[in-house]
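Here the structure is laid out as structure tokens; the discussion comes afterwards.
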Amino acid sequence: LDDLLAEGVSGRRVLVRTDLNVPLDKQTRAITDDGRIRASLPTLQALREAGARVVVAAHLGRPKGAPDPQYSLAPVAARLGELLGTEVPLAADVAGEDARSRAAALGDGDVLLLENVRFEAAETSKDDAERGELADRLAALADVYVDDAFGAVHRKHASVYDVAQRLPHVAGRLVAAELDVLTRLTTDPERPYVVVLGGSKVSDKLAVIEALLPKVDRLLVGGGMCFTFLAAQGHGVGRSLLEADQVDTCRRLLAEAGDRIVLPLDVVVAPEFSADVETAVVGVGEIPDGQLGLDVGPRTVEAFGGELAGARTVFWNGPMGVFELAPFQAGTRGVAEAVAAVDGLSVVGGGDSAAAVRQLGLDEAAYGHISTGGGASLEYLEGRELPGLAVLAD
Ligand code: 3PG
């Protein structure tokens, strides 16, 4: 972005891809965590101050490739406008007639938000020509492209990948800041290096576990995904989340890892996932048949805390339990507090864990970095090529 600002952007139309994929309340559609909108501000402010005419493209949720009012970016446009201190109109389409006429009418320093790019099926299409046609229309809205959507750089989508091939392109401030920190995790991290992984699906995390195991001193596993590991150790897991087809892989990983993979010692169980249900803490070998494990227990929090206390580099991705409900919050809170207390670099990796930090009222400033990218930061740590970054590299 600095290169572009040095070149001068006054009066130029700049297409900025941002990740404004914020969680919304299911009933009211109100934004429940505006972290990603706030993270987009440095780039947008810098461009406005330099007199650019800013066209913002973003996705929200996973609509099925057609306009769907429940995935409209309208609440995001309103919040973005409040935070920028200027009105941010929302185009009625992605790159159609309304977007074109509104982009053409922008004045210096104005900001326009395009409607959810995933209202066009071509955005996520596997077909290069389909994505290319949408990318042509997006590119026609601007003179230059800024990719600031760190959370989406792992997606080979029209507004992330193809459009960058059609316009002069640079990385925005958020992408630069995220890469700065993630590079510190991949290049000679200070040791001990401890990674904490949680979240529901172990199958989503196996690739990153394989990639990280040779590099970390400890890998602490909690959340729904821990039950497949516990099953691999021979424990009964009751009605807890279990990916039976991954048990063998988890068993192999445990054998390879020796004492580097650390599993929970106890869990909070309940007969169902509900806020006013009776809960109990049991050892991992004692999960009753009819019960669900919904959080890690206090002995686990203490053990994980002990591992984290001595760490110099920490990456944490994924909640330890279903923290949305109070009875199952303590594990995530305990780990979040232990990560915050780390004397060294602590990185919270995106999505649910970043939302957990804010929703549990923890001090964001206590962390070295809170990434806006869940999947993107994991794929970066896996060492995979991320299309949205590869396309900027020329
Ligand atoms: C995210 O929420 O991780 C990003 O916004 C990407 O969203 P996606 O997983 O729906 O592509």
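When you number the sequence shown by UniProt numbering, it's gap-free, plus one each residue, and the end is 398.
Ideal placement from N, C-alpha and C gives every residue a C-beta, glycine not left out.
In this text the structure is predicted, and so the values were computed from the model without any measurement.
Relative to the non-hydrogen atoms of the ligand 3PG, the Cβ of G392 never comes closer than 7 Å to any of them.
With contacts defined by Cβ atoms closer than 8 Å, A107 and L116 form a contacting pair. For K130, the number of other beta carbons within 10 angstroms of its own is below 16, and it is reported as exposed.
A straight line joining the alpha-carbon of L94 with that of E119 spans about 6 Å. Here H158 has G379, A380, E383, L390 as same chain residues with Cβ atoms under 6 Å from its own Cβ, once five neighbours each way along the sequence are excluded. For Y149, the pairing in a beta bridge is given by DSSP as L19, H173. In this structure the stretch 184-200 does not touch the stretch 84-104; the number of beta carbon pairs closer than 8 Å is below three. Bounds of the alpha helix (DSSP H) holding T253 are 251-261. One thing to note: L217 has its Cβ no nearer than 8 Å to the Cβ of T232. The ligand 3PG has no heavy atom closer than 7 Å to the beta-carbon of A342. Counting of Cβ neighbours within 10 angstroms places F332 among the buried residues, the total reaching 16 or more. Under the three-state reduction of DSSP, V339 is assigned to helix. In this structure, the beta-carbon distance from L5 to A50 falls below 8 Å.
Leaving aside the five residues that flank H373 on each side, the residues in its chain whose CB is nearer than 6 Å to its CB run, in chain order, V185, V351. With a cutoff of 8 Å on beta-carbon distance, V225 and L267 are scored as near each other. Beyond the five residues adjoining it in sequence on each side, H161 comes within less than 6 Å, by CB distance, of E127, T128 in the same chain, given in chain order.
Excluding residues up to 5 positions away in sequence, L28, R33, A34, I35 lie with their Cβ nearer than 8 Å to the Cβ of P79 in the same chain.
G310 counts as exposed, since fewer than 16 other C-beta atoms from the protein chains shown sit within 10 angstroms of its C-beta. For E368 and D72, the gap between their C-alpha atoms comes out near 34 Å. Around the C-beta of G227, 16 or more other C-beta atoms lie within 10 Å, and the residue is accordingly described as buried. By the Cβ criterion, the stretch 50-66 is in contact with the stretch 135-153, since at least three pairs of Cβ atoms, one from each stretch, lie closer than 8 Å. Apart from the 5 residues on each side of it in sequence, V199 sits with its Cβ closer than 6 Å to the Cβ of L216, V220, L223, F319 in its chain, given in chain order. Non-local C-beta neighbours of R122 in its own chain, meaning closer than 6 Å and more than five positions away in sequence, comprise H63, P67, ordered along the chain.
Taking 8 Å as the cut-off, the beta carbon of G294 is found no closer than this to the beta carbon of G155. Using a Cβ distance threshold of 8 Å, L210 and Q237 do not count as a contacting pair. Under the DSSP definition of a beta bridge, G353 partners with S375.
Taking 7 Å as the cut-off, the C-beta of D23 counts as close to a heavy atom of the ligand 3PG. Remark: the shortest separation between the CB of G353 and any heavy atom of the ligand 3PG does not fall under 7 Å. Taking the Cβ atoms as the reference, V305 lies roughly 6 Å from G335, within the contact range of under 8 Å. With 16 or more other CB atoms across the displayed protein chains lying within 10 angstroms of its CB, G202 is buried.
Within the stretch 102-147, the runs of beta strand (DSSP E) that reach at least 3 residues and sit entirely inside it are, in chain order, 115-117. A61 has R21 as its beta-bridge partners, per DSSP.
P302 and A43 have their alpha carbons spaced roughly 34 Å apart.
Closer than 7 Å to some heavy atom of the ligand 3PG: that does not describe the Cβ of R188. Within the same chain, Cβ atoms closer than 8 Å to the Cβ of Q169 are found at A139, V395, the five residues on either side in sequence being excluded. G322 places its beta carbon less than 8 Å from that of S357.
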